[in-house]
DNA sequence: CTTGACACAGAACGTATGTTCGTGTATTAT
DNA sequence: ATAATACACGAACATACGTTCTGTGTCAAG
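Chains as they are written, first to last, in our numbering: chain A, 1 to 223; chain B, 1 to 223.
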């Protein structure tokens, strides 16, 4: 007998969480009243109310013994960003769609730690996910079996972006540099010795994300 | 008995600074009274006194607008490893020898921050350096112009290691998988479609380091 | 319509917090 | 010896802080 469908994160939840994360990264956690002032909540009890919910969602931690003792739960430190590995990527496999909700649910799945200093300013926000390359099908993108590709979730791209695309007509996932030309899209392999693929604009083409970084671990340790 | 040193850090300075650093890493900065309790200073004015000195020494920062707004100025992180970028690497260039001394001298040159969690246990020690790939000569190693290669300084390699070698006979630097065979060394490109190079054991071959990681930043240069 | 959970505001209250001031003692320079 | 300085304790005080209580309005299910 649920009275009202429990909405997950509202805009205010997000803004409060963002503010706490921001302050956490600066090293100075905010007080209840500072949070309220930031997000436009005039009452301290309302902030407590939201903080309680965020705590129950497992997104923040509080220590009732101290004032200003609030911090985001996610493992991300001030210097690191933990990017979730959503799954494998291979030529024959469609890319798993990143569920923005799922990122918050306590799915303690695999992830890669990336130094924030390596990411451009604009990517420091959320929306990043990682895929682990399976097989040798991405060789023309200079990407090997086992490499970790970090992407930003997006549905469109600008010329020159390296994007992960799903080509329904070919049942194929591929990583290419994206160029929009007059009547077609040109998907250019990173390897300059290889030829581009041309996709007519009438053909379907799903951009799943923009590649932000590629990490290759050379595991010299014998497993 | 305690000798009064005119200036500099006394034991209490150190303990206060350590406590601030510890709390900073935990995300919960301490209050004046908590600091006093921790280091055995009974008076809040004494803590203020020391904090003022530490601020003047440039070791901590405070924001008088907020409570608990104290943090160490230096950025030390136990999650990150800063790997110095010693220079470019290109086919025609010999690799700069990493000077272990130079890494410690306050040469605030370029560096990459790497999450320790991405490095294998054995590599967490020192001896790592990074090179920035210049040109397309490493394409057969699946490495692009602009990629950052992180190496561990070593003079020998095991079979299967990816190594950076200098071939004096060819005046060439290259990154290849290393295999020792009966009478020769086989240098295998990472790209499986390309053929290996064979070096007779009589020929000179200088192993400069073992590749631990490759990082490719796709600078979409947004904004 | 009634009910009850949800969303929000305001105020009250006890404690926490940082600053300032007064006092005292040991060390050092002159 | 005297003065200046560094070090130390405690109290006082205004404000900051988090919790809790009361009250209001909304919305959907029964």
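Ideal placement from N, C-alpha and C gives every residue a C-beta, glycine not left out.
(message) With DSSP as the reference, identify every bridge partner of residue 175 of chain B, one or two as the case may be.
(response) By 1-based counting over the second chain, the position of residue 175 of chain B is 175. B/164, per the DSSP bridge assignment.
(request) Answer with yes or no whether the minimum CB distance from residue 47 of chain B to chain A is below 8 Å. (result) Within the second chain, numbered from 1, the residue matching residue 47 of chain B stands at position 47. No, residue 47 of chain B does not count as interfacial toward chain A.
(request) Indicate, with yes or no, if the ligand SAH has a heavy atom lying under 7 Å from the CB of residue 196 of chain A. (result) As for the ligand SAH, it is missing from this structure, which has no ligand bound.
(request) Can you have a look at residue 43 of chain A and say buried or exposed, based on whether 16 or more other CB atoms are within 10 angstroms of its CB? (result) As a working note, residue 43 of chain A is residue 43 in the first chain. It is exposed - the Cβ of residue 43 of chain A has fewer than 16 other Cβ atoms within 10 Å.
(request) Quick one: list the residues of chain B neighbouring residue 218 of chain A, beta-carbon separation under 7 Å, in chain order. (result) Here residue 218 of chain A corresponds to residue number 218 of the first chain, with the count starting at 1. Here the neighbours are 162, 211, 212, 213.
(request) Could you have a look at residue 22 of chain A and say whether DSSP puts it in helix, strand or coil? (result) Counting from 1 along the first chain, the entry for residue 22 of chain A is found at position 22. Residue state, collapsed to three classes: helix.
(request) Starting from the Cα of residue 13 of chain B, find the closest Cα among B/131, B/27, B/56 and give me that residue. (result) Along the second chain, one-based indexing puts residue 13 of chain B at 13. Out of B/131, B/27, B/56, B/56 has the C-alpha closest to the C-alpha of residue 13 of chain B.
(request) Using a Cβ cut-off of 9 Å, pull out every chain A residue sitting near residue 159 of chain B, in sequence order please. (result) Within the second chain, residue 159 of chain B is the residue found at index 159, counting from 1. The premise fails here: residue 159 of chain B is roughly 10 Å from chain A at the closest Cβ pair, so nothing lies under 9 Å.
(message) I'd like to know if the stretch 163-171 of chain A and the stretch 199-216 of chain A are in contact, where contact means that at least 3 CB-CB pairs between them fall below 8 Å.
(response) yes
(message) Any C-beta of chain A within less than 9 Å: which residues of the stretch 27-44 of chain B qualify?
(response) 27, 28, 29, 30, 31, 34
(request) Name the residue from B/192, B/156, B/67 whose alpha carbon lies nearest to the alpha carbon of residue 185 of chain B. (result) Within the second chain, the letter at position 185 stands for residue 185 of chain B. Ranking B/192, B/156, B/67 by Cα distance to residue 185 of chain B puts B/156 first.
(request) Quick one: grab the DSSP three-state call for residue 2 of chain A. (result) As a position in the first chain, residue 2 of chain A is number 2, starting the count at 1. Confidence in residue 2 of chain A is poor, its pLDDT being 33 and thus under 50, which makes the residue's placement too unreliable to answer from.
(message) With H, G and I counted as helix, E and B as strand and the rest as coil, what does DSSP make of residue 16 of chain B?
(response) In the second chain, the residue the question calls residue 16 of chain B occupies position 16. Residue 16 of chain B: helix per DSSP, three-state reduction.
(request) Would you kindly check if the distance between the Cβ of residue 162 of chain B and the Cβ of residue 131 of chain A is under 8 Å? (result) Residue mapping note: residue 131 of chain A aligns to position 131 of the first chain, counting from 1. Residue mapping note: residue 162 of chain B aligns to position 162 of the second chain, counting from 1. No, the Cβ-Cβ distance between residue 131 of chain A and residue 162 of chain B is not below 8 Å.
(request) Tell me, please, whether the CB atom of residue 130 of chain B is closer than 8 Å to any CB atom in chain A? (result) Locating residue 130 of chain B in the second chain gives position 130, counting from the first residue. It does not; no Cβ of chain A falls within 8 Å.
(message) If you follow the beta strand (DSSP E) that residue 187 of chain B is in, where does it begin and where does it stop?
(response) Against the second chain, residue 187 of chain B aligns to sequence position 187. Residue 187 of chain B -> beta strand (DSSP E) spans 184-188.
(message) Measuring only the C-alpha atoms, how far is residue 105 of chain B from residue 171 of chain B?
(response) As a first step, residue 105 of chain B is located in the second chain; it is residue number 105 there, counting from the start. As a first step, residue 171 of chain B is located in the second chain; it is residue number 171 there, counting from the start. Because residue 105 of chain B carries a pLDDT of 34, less than 50, the predicted location of this residue cannot be relied on, and no value is offered for it.
(message) Suppose the cutoff is 8 Å on Cβ atoms and the five residues either side in sequence are ignored; what does the same chain contact list for residue 67 of chain B look like?
(response) For the purposes of this step, residue 67 of chain B is identified with residue 67 of the second chain, where counting begins at 1. Here the set comprises 31.
(request) Quick one: using the 10 Å Cβ neighbour count with 16 as the cut-off for buried, is residue 22 of chain A buried or exposed? (result) Taking the first chain and counting its residues from 1, the one referred to as residue 22 of chain A is at position 22. Looking at its Cβ environment, which holds fewer than 16 other Cβ atoms inside 10 Å, residue 22 of chain A is exposed.
(request) Would you mind giving the Cβ-Cβ distance between residue 111 of chain A and residue 84 of chain A, rounded to the nearest angstrom? I have them listed as a contact below 8 Å. (result) Translated into the one-based positions of the first chain, residue 111 of chain A becomes position 111. Translated into the one-based positions of the first chain, residue 84 of chain A becomes position 84. About 5 Å separates the two Cβ atoms, so the contact holds.
(message) Less than 6 Å between C-beta atoms, sequence neighbours within five positions excluded: which residues of the same chain meet that for residue 177 of chain B?
(response) The count along the second chain starts at 1 and reaches residue 177 of chain B at position 177. For residue 177 of chain B, where only same-chain residues beyond five positions count, the Cβ hits under 6 Å are 162, 188.
(message) Our contact map puts residue 214 of chain B next to residue 149 of chain B with C-beta atoms below 8 Å; I'd like the distance itself, whole angstroms only.
(response) Within the second chain, residue 214 of chain B is the residue found at index 214, counting from 1. Within the second chain, residue 149 of chain B is the residue found at index 149, counting from 1. Yes, residue 214 of chain B and residue 149 of chain B are in contact; Cβ-Cβ is about 6 Å, under 8 Å.
(request) Taking residue 113 of chain B and residue 113 of chain A to be in contact with their CB atoms under 8 Å, please state how far apart those CB atoms are, rounded to whole angstroms. (result) Residue numbering aside, residue 113 of chain B sits at position 113 when the second chain is read from its first letter. Residue numbering aside, residue 113 of chain A sits at position 113 when the first chain is read from its first letter. 10 Å between Cβ atoms; not a contact.
(request) Under 8 Å Cβ to Cβ from residue 88 of chain A, same chain only, skipping five residues before and after it: list those, please. (result) For the purposes of this step, residue 88 of chain A is taken as residue 88 along the first chain, with counting starting at 1. Hits under 8 Å: 131, 132, 133, 134.
(request) Grab the span of the beta strand (DSSP E) containing residue 87 of chain A for me, first residue to last. (result) Your numbering for residue 87 of chain A matches position 87 in the first chain. Per DSSP, residue 87 of chain A belongs to the beta strand (DSSP E) from 80-89.
(message) Looking only at its chain, what residues have a beta carbon closer than 7 Å to the beta carbon of residue 28 of chain B, apart from the 5 residues adjacent to it on each side?
(response) Residue numbering aside, residue 28 of chain B sits at position 28 when the second chain is read from its first letter. Hits under 7 Å: none found.
(request) Hey, could you find the ends of the alpha helix (DSSP H) residue 37 of chain B is sitting in? (result) If you number the second chain from 1, residue 37 of chain B lands on position 37. Residues 32-39.
(message) Between residue 189 of chain B and chain A, is the shortest Cβ-Cβ distance under 8 Å, so that the two count as touching?
(response) Position 189 of the second chain, counting from 1, holds the residue named residue 189 of chain B. Not an interface residue.
(request) Starting from residue 210 of chain A, trace the beta strand (DSSP E) both ways and give me its first and last residue. (result) Sequence index remark: in the first chain, residue 210 of chain A carries index 210 (1-based). Here the beta strand (DSSP E) through residue 210 of chain A covers 206-217.
(request) Buried or exposed for residue 152 of chain B, please, with buried defined as at least 16 other CB atoms from any protein chain shown within 10 angstroms of its CB. (result) Here residue 152 of chain B refers to the residue found at position 152 when the second chain is read from its first residue. Buried: at least 16 other Cβ atoms inside 10 Å.
(message) Our contact map puts residue 268 of chain A next to residue 119 of chain A with C-beta atoms below 8 Å; I'd like the distance itself, whole angstroms only.
(response) Nothing can be reported for residue 268 of chain A: it is not among the residues displayed for chain A, which extend from 1 to 223.
(request) Sort A/198, A/179, A/129 by Cα distance to residue 160 of chain A and report the nearest one. (result) Residue 160 of chain A sits at position 160 when you count from the first residue of the first chain. Closest by alpha carbon: A/179.
(request) Report all residues from its chain with a CB closer than 7 Å to the CB of residue 33 of chain B; omit the five preceding and five following residues, and keep chain order. (result) The count along the second chain starts at 1 and reaches residue 33 of chain B at position 33. Closer than 7 Å at Cβ, skipping near neighbours: 44.
(request) Give the range of the beta strand (DSSP E) segment to which residue 131 of chain B is assigned. (result) For the purposes of this step, residue 131 of chain B is taken as residue 131 along the second chain, with counting starting at 1. Run containing residue 131 of chain B: 128-133, per the beta strand (DSSP E) assignment.
(request) From the DSSP output, in three-state form, read off residue 43 of chain B for me. (result) Reading the second chain from its first residue, position 43 is the one you call residue 43 of chain B. Correct three-state label for residue 43 of chain B: coil.
(request) Name the two residues that bound the continuous beta strand (DSSP E) containing residue 137 of chain B. (result) As a position in the second chain, residue 137 of chain B is number 137, starting the count at 1. Neither: residue 137 of chain B is in no beta strand (DSSP E) and is coded neither H nor E.
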